[in-house]
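Right, one structure below, let's go through it.
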Amino acid sequence: MKTFQEFKKTLISMMGLVLILFLVQCSKNVGPIDRDDLVLPDGEHALIIKTSSSKIGESISSYQLKIQSPSGTQNVSPTSGSYTITELTNGLYTITSSKDGYIGQSVQFNVILPGDRTSDYSAQVELLLTKSTPPVVVNNLTGGQVVAPPIGNGTNGTGSNSATMTIPAGAITGTGTTSISFTQIPPVAGNNNPAGLKSVDTDFGTKTSAFVITPVTTFSTPVSIEFSLNFSQAMLSKGITARLYEYNENWVTTGQFVNVVISNGGLTGTVQISRSGYWAVVESWEAVFTTGTYSQSFTSGCSEALNAPFSYAKGYGPEYSARMQIAASTVTVSTVIQAPAALWFTRSATINVPTRNYVMRNKANLAVIETVNGIPQSALSYSIAYSASDCHDSGGHDSGGN
Numbered sequence: 006m007k008t009f010q011e012f013k014k015t016l017i018s019m020m021g022l023v024l025i026l027f028l029v030q031c032s033k034n035v036g037p038i039d040r041d042d043l044v045l046p047d048g049e050h051a052l053i054i055k056t057s058s059s060k061i062g063e064s065i066s067s068y069q070l071k072i073q074s075p076s077g078t079q080n081v082s083p084t085s086g087s088y089t090i091t092e093l094t095n096g097l098y099t100i101t102s103s104k105d106g107y108i109g110q111s112v113q114f115n116v117i118l119p120g121d122r123t124s125d126y127s128a129q130v131e132l133l134l135t136k137s138t139p140p141v142v143v144n145n146l147t148g149g150q151v152v153a154p155p156i157g158n159g160t161n162g163t164g165s166n167s168a169t170m171t172i173p174a175g176a177i178t179g180t181g182t183t184s185i186s187f188t189q190i191p192p193v194a195g196n197n198n199p200a201g202l203k204s205v206d207t208d209f210g211t212k213t214s215a216f217v218i219t220p221v222t223t224f225s226t227p228v229s230i231e232f233s234l235n236f237s238q239a240m241l242s243k244g245i246t247a248r249l250y251e252y253n254e255n256w257v258t259t260g261q262f263v264n265v266v267i268s269n270g271g272l273t274g275t276v277q278i279s280r281s282g283y284w285a286v287v288e289s290w291e292a293v294f295t296t297g298t299y300s301q302s303f304t305s306g307c308s309e310a311l312n313a314p315f316s317y318a319k320g321y322g323p324e325y326s327a328r329m330q331i332a333a334s335t336v337t338v339s340t341v342i343q344a345p346a347a348l349w350f351t352r353s354a355t356i357n358v359p360t361r362n363y364v365m366r367n368k369a370n371l372a373v374i375e376t377v378n379g380i381p382q383s384a385l386s387y388s389i390a391y392s393a394s395d396c397h398d399s400g401g402h403d404s405g406g407n
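When we follow this note's numbering, the leftmost residue of the sequence shown carries the number 6, and every step to the right adds one.
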């Protein structure tokens, strides 16, 4: 009996010691989680490349992308209009689209990954492929007209209506016939400006669209191109004019240009050219872009998962939308921010949406046409920084998101 009582006292003492140890450990460890060193999962990274036809309603398949990055060069053949790169490196990416029978596009994008490894990163660039217009047979002696069908994303501006090239009799030297392809190209993204953002292309102003006339040849008599210009009264009142600049096959300007004759109240543009090849409409305005960030934070309850919908939308102004042929000017970033529950921790997240502000103005006299702020860089461009904070007691430890 005495032995049992001694054993009972010993057992109670041991249980008390275990309880004390448990209470001491509770201030640091909860289950398998080290509350001083909560390990959060690595963030997900994605650069989404969207490639589409510049002709509304035309699907694209069997095309190629050349991706030049700080890690090297790769050539891929996507099976859909979207291709995602998940292994990203900080630095400049140059992406070029190509397809037989089409005129491709090249765009540059600077990837800047978040410093925190737990942060998500998403960005989007957009590329166009423009189908070359089938050639039209022209009699060299009598000349004729070649029509470039309407192409583009908007309801106004060059490329949204057909353009007509009139070739005088004898402008093409020699007898016989010549097959001429006349293609319009809508506005494209500039270097480091994804999703159609565009600023100055030449010292004169901004390139808004282009004409490709092949084969490249010199005409003995100038030929006329008439196209839909669709300048608004606001543009005309600010003194905006236009030129047609000659480019080489890599879309580098040669410096040669002809002035566009504006008629019909700003609706029509006409030029005379003495050489076929690569030509682009450059208008005398510029869009001066600056960057910004829209941020919003979310926090879960203690030991609860984070599941929060997010949406932010802002659009371009009507003048910039019309000149760059942006049919749907509102850019909407919409996603669901999710983080799994962690026992005795609150989960927090802050989403940062990179935005652009611009002032659209006459490049020569700086007369302001339009000002807009806070436009998302693209519908899929954002970063999300995750963290966790100890919520078990008032003296808890902040994990710092590591």
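Where is the CB? At the ideal position from N, CA and C, for every residue including glycine.
Next item on the list: Write down the C-beta distance between tyrosine 299 and valine 358 rounded to the nearest angstrom, noting that I regard them as a contact closer than 8 Å.
Entry: The C-beta separation of tyrosine 299 from valine 358 comes to about 4 Å, placing the pair in contact by the 8 Å criterion.
Next item on the list: Could you check what DSSP says for tyrosine 1 in three-state terms: helix, strand or coil?
Entry: For the chain, the structure presents residues 6 to 407; residue 1 sits outside this window and is missing.
Notebook entry, point to check: asparagine 132 lies in the beta strand (DSSP E); which residues open and close that run?
Noted result: First, the amino acid is wrong: residue 132 is leucine here, not asparagine. From DSSP, the beta strand (DSSP E) with leucine 132 extends over 125-136.
Next item on the list: With a 10 Å radius around its C-beta and 16 neighbouring C-beta atoms as the bar for buried, classify serine 281 as buried or exposed.
Entry: Serine 281 comes out buried.
Margin query: For glycine 62, count the other beta carbons within 10 Å of its own beta carbon; 16 or more makes it buried, fewer makes it exposed. Which is it?
Written below: By the neighbour-count criterion, in which a residue is buried when 16 or more other Cβ atoms sit within 10 angstroms of its Cβ, glycine 62 is exposed.
Next item on the list: Examine the Cβ distances between the region 337-357 and the region 84-93 and report whether three or more of them are shorter than 8 Å.
Entry: Not touching, per the Cβ criterion.
Notebook entry, point to check: What does a CB cutoff of less than 7 Å around proline 345 pick up in its chain, not counting 5 residues either side in sequence?
Noted result: The beta carbon of proline 345 sits closer than 7 Å to the beta carbons of Ala310 from its chain, once the five residues preceding and following it are set aside; these are given in chain order.
Checklist line | Reference glutamine 129, options Val116, Thr138 and Pro139, closest by Cα | finding: Ranking Val116, Thr138 and Pro139 by CA distance to the CA of glutamine 129 puts Val116 first.
Item checked: Terminal residues of the beta strand (DSSP E) in which proline 314 lies -> Per DSSP, the unbroken beta strand (DSSP E) holding proline 314 starts and ends at 311-320.
Item checked: Simplified DSSP assignment, three categories, for methionine 365 -> Shown here, methionine 365 sits in a strand according to DSSP, grouped into three states.
Notebook entry, point to check: In chain order, what residues of the same chain lie with their CB nearer than 8 Å to the CB of isoleucine 38, ignoring the 5 residues before and after it?
Noted result: The predicted position of isoleucine 38 is uncertain, since its pLDDT is 47 and thus under 50; no value can be drawn from it.
Notebook entry, point to check: Between arginine 248 and glutamate 288, what straight-line distance do the alpha-carbon atoms span, to the nearest angstrom?
Noted result: When rounded, the distance between both Cα atoms is 6 Å.
Checklist line | C-alpha distance - alanine 285 paired with glutamine 261, whole-angstrom precision | finding: Taking the Cα positions, alanine 285 is about 11 Å away from glutamine 261.
Next item on the list: Give the DSSP-derived three-state secondary structure of proline 359 in the structure shown.
Entry: Assigned with DSSP and collapsed to three states, proline 359 falls in strand.
Check: Anyone know if the C-beta pair for valine 143 and threonine 182 falls short of 9 Å?
Finding: Contact: yes.
Notebook entry, point to check: Should serine 184 be labelled buried (16 or more other beta-carbon atoms within 10 Å of its own) or exposed?
Noted result: By the C-beta density criterion, serine 184 is exposed, having fewer than 16 other C-beta atoms within 10 angstroms.
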